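In what follows, a structure is listed as structure tokens, so that the remarks can point back to it.
Chains as they are written, first to last, in my numbering: chain C, 1 to 112; chain A, 1001 to 1116.
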């Protein structure tokens, strides 16, 4: 399975933008880049995904490098509720293998 | 829209006992997943169902874990006998399934199992 590398933890101030990096140098052409986050004592929740182009939704933006070997999740204005573990995942394959292989993720701490 | 339901939320058992977890996915979702999440780690896929058939159970410890999804709707995961290292949160997730592989997964709140 293609692997991702993320910093163990990051800290941000409330109301400021947060850029969460992810390296995936072994990504293949059919791998989607997915981001999930897990709030304390909850199951993971979907944040955003992309293949080649940058993506925006109501929660965040995803910036994908031109060579696709790295990506950045952008939270435009961090709130205390954004404190969570953020997982960068490569969606494996194109068949029924809707398989998410989670790493350790990045623990995001938000200070008020 | 109702989310993924799991029960029980917490369970404490002694080693060598058996335990079962139940999951009801989002209505209409063909694919159902069971994950194990040990404290401090990301979730690890145990088994994936497409309707009532198993797609991937490569990381399921089949000597003690079993899972079924009768009628392609809800599912149960059983551990028999439990070991101390099975202490973890067991997460159920569902998705529309099929192509494309970009479909997001929706997770339940999990069942926290403590084996003493």
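A virtual CB, placed ideally from N, CA and C, is assigned to each residue, including glycine. From a predicted model like this one, the values you see are computed outputs, not experimental measurements.
Beta-carbon gap between residue i and residue j smaller than 7 angstroms
i, j, result
"residue 1108(A)", "residue 43(C)", "yes"
"residue 1064(A)", "residue 1079(A)", "yes"
"residue 1031(A)", "residue 1059(A)", "no"
"residue 1045(A)", "residue 1087(A)", "no"
"residue 1042(A)", "residue 102(C)", "yes"
"residue 75(C)", "residue 60(C)", "yes"
"residue 1163(A)", "residue 1067(A)", "Absent from the model: residue 1163(A). The displayed extent of chain A is 1001 to 1116, so no value can be given."
"residue 1106(A)", "residue 1021(A)", "no"
"residue 106(C)", "residue 7(C)", "yes"
"residue 108(C)", "residue 86(C)", "yes"
"residue 1075(A)", "residue 1029(A)", "no"
"residue 1015(A)", "residue 1083(A)", "yes"
"residue 52(C)", "residue 21(C)", "no"
"residue 1104(A)", "residue 46(C)", "yes"
"residue 80(C)", "residue 31(C)", "no"
"residue 83(C)", "residue 55(C)", "no"
Extent of the continuous beta strand (DSSP E) run through residue i
i, result
"residue 10(C)", "9-13"
"residue 1113(A)", "1111-1115"
"residue 3(C)", "Segment: none, residue 3(C) is in no beta strand (DSSP E) and carries neither H nor E."
"residue 101(C)", "Taken as a continuous stretch (DSSP letters only), residue 101(C) belongs to no beta strand (DSSP E), as it is neither H nor E."
"residue 21(C)", "18-23"
"residue 1011(A)", "1010-1013"
"residue 1002(A)", "It is not in any beta strand (DSSP E) - residue 1002(A) carries neither H nor E in the DSSP assignment."
Closer than 7 angstroms to chain A by CB, residue i
i, result
"residue 63(C)", "no"
"residue 86(C)", "no"
"residue 78(C)", "no"
"residue 83(C)", "no"
"residue 124(C)", "Outside the modelled stretch of chain C, which goes from 1 to 112, sits residue 124(C), for which no answer is possible."
Cβ of residue i within 7 angstroms of any chain C Cβ
i, result
"residue 1042(A)", "yes"
"residue 1039(A)", "no"
"residue 1108(A)", "yes"
If the cut-off is 7 angstroms on Cβ atoms, which residues from the stretch 40-51 of chain C count as contacting chain A, listed in chain order?
42, 43, 44, 45, 46 and 49
3 or more residues per run - each beta strand (DSSP E) lying fully within the stretch 29-98 of chain C:
32-38, 45-50, 61-64, 70-75 and 84-91
Any chance you could list the alpha helix (DSSP H) runs of at least 4 consecutive residues sitting entirely within the stretch 1022-1097 of chain A, in chain order?
none
Please list the residues of the stretch 17-39 of chain C that have a C-beta atom closer than 7 angstroms to any C-beta atom in chain A, keeping them in chain order.
32
Residues within the stretch 1052-1065 of chain A neighbouring chain C, beta-carbon criterion of under 7 angstroms
1055 and 1056
Can you list, in chain order, the residues of the stretch 1072-1092 of chain A whose Cβ is nearer than 7 angstroms to any Cβ on chain C?
1091
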